[in-house]
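1659 is the number that my numbering gives to position 221 of the sequence shown; each next residue is one higher, with no gaps. All residues carry an ideal CB built from backbone N, CA and C; glycine is no exception. This report concerns only the one structure given below.
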Amino acid sequence: MKTKFFKSNLLNITGCAVLCMFFCVPSLKAQDNAIMFDIGAMTISLLSEGEGQGGTNILIGATDEMIKKVIPDGTFPIATNAFMVELGDEILLFDAGYGQKTIDNLAVYGKKASDINAIFMTHFHGDHTGSLLINNQKSYSNATLYVSKPEYDYYMNDAEMMALPENRRSAFTGARNIFNAYKDKLVIFTPNEIERATELIPGVKSVAAYGHTPGHVGYIVESAGQKIFLWGDLAHAMAIQMPYPEVAVSYDTDPVKAIAIRQKLLKYVAENGMIVAGAHIPYPGVGEFGKQTMSNGYNFIYMCDCGGRTP
Ligand SMILES: [Zn+2]
């Protein structure tokens, strides 16, 4: 086990500040944000798509007082990340980014798409599924794809699809194309609550975190007594949602559920001293909780890149 270091300065902002549909425009070369951390006997590597700035227009339930206190200029950094975890002989992916950039990022770490043994999806939004198919071809030829049953059922439900305006139905056809391409190695699992997290493969457990999407899940990866919680989209606006977990974002399918599960999981993770990695946590995408500083909120401490290494 190697020592980990955390930095208390709030952010290390890199990349552009352009907002797009999924709030972040990749602007970096693949290697620019490459960093890997050794935790227990595993290694977690950041597959960064870059960072941008989010605005208060996507927040739900943020009061003027909260905004003034923690994001006085009304903006906050937001990243898009996937992660590679090397656990024993397994090379695992957690989410799959926007597209080709994820595969370019793997190459920076000396890995090919065909080296990936398993891909654990937190949910099926486009900023997480992008590299699974490239030009309609399956990218990860040897990988088993893990998707939660409620997420799978949602995207296979014709009534849900037809309830949407026509221009938004492509998310459903896109997800179905992925399920079909990976059908020989598709694992549809039912996660449990975090106290009884379900083991999918040795060292990897799934955690129900419904709210952001109907089947949104997180994963706990454990090695040599240390745990990382890869929480997907449990939070988007770290600067305000850590001190005020009761703030939601407009991307949440069910903001009320998203708030409830964020409050529950943050409490559990903080009390259990887990390291956290998140799909929208700014660089380096990994951190942990410090002492509680506000009545209901948390102080998130970014892992210092001085404790990591470059490939
Ligand atoms: Zn996302």
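I'd like the list of long-range same chain contacts for residue i, defined as Cβ closer than 8 Å, with 5 residues on each side in sequence excluded.
i	result
I1678	L1497, A1500, M1504, I1505, V1508, I1509, F1514, V1685
CB residue i to CB residue j, shorter than 8 Å?
i	j	result
L1484	I1473	yes
P1720	A1517	yes
A1647	I1572	no
Y1682	F1558	no
T1739	G1725	It should be noted that the sequence gives Ile, not Thr, for residue 1739. Result yes, Cβ atoms of I1739 and G1725 sit closer than 8 Å.
A1673	G1711	no
Grab me the residues of residue i's own chain with a C-beta within less than 6 Å of its C-beta, minus the 5 sequence neighbours each way, in chain order.
i	result
A1551	I1541, S1577, Y1578
N1734	none
With DSSP as the reference, label residue i as helix, strand or coil.
i	result
S1569	coil
R1607	coil
K1549	coil
M1600	helix
L1531	strand
I1699	helix
S1709	As written in the sequence, residue 1709 is Glu, which differs from the Ser given in the question. Helix at E1709.
D1692	coil
D1476	strand
T1636	strand
G1492	strand
T1481	strand
G1641	coil
V1685	coil
G1656	strand
On the CB-based measure, 16 or more other CB atoms within 10 Å of its CB, does residue i come out buried or exposed?
i	result
N1471	buried
S1608	exposed
A1597	exposed
E1709	exposed
M1676	buried
L1602	exposed
G1746	buried
G1670	buried
E1489	buried
Can you give me the Cβ contacts of residue i inside the same chain, cut-off strictly under 7 Å, excluding the 5 residues immediately before and after it?
i	result
M1459	Unreliable placement is indicated for M1459, whose pLDDT of 38 sits below 50; the coordinate value is still reported in the next sentence. Hits under 7 Å: none found.
S1688	I1496, I1498
E1524	M1480, T1481
P1629	S1586, T1636, S1644, V1645, A1646, V1655
Given the structure, does residue i come close to ligand 3, in the sense that its CB is under 7 Å from one of the ligand's heavy atoms?
i	result
H1654	Looking for ligand 3 in the displayed structure turns up nothing; the ligands present are ligand 1.
Contact between the segment 1572-1592 and the segment 1623-1632 (3+ Cβ pairs under 8 Å) | Result yes; three or more Cβ-Cβ pairs closer than 8 Å.
Please determine if the segment 1658-1671 and the segment 1610-1621 are in contact, where contact requires at least 3 C-beta pairs separated by less than 8 Å.
-> No: the two stretches stay apart, fewer than three of their Cβ pairs being nearer than 8 Å.
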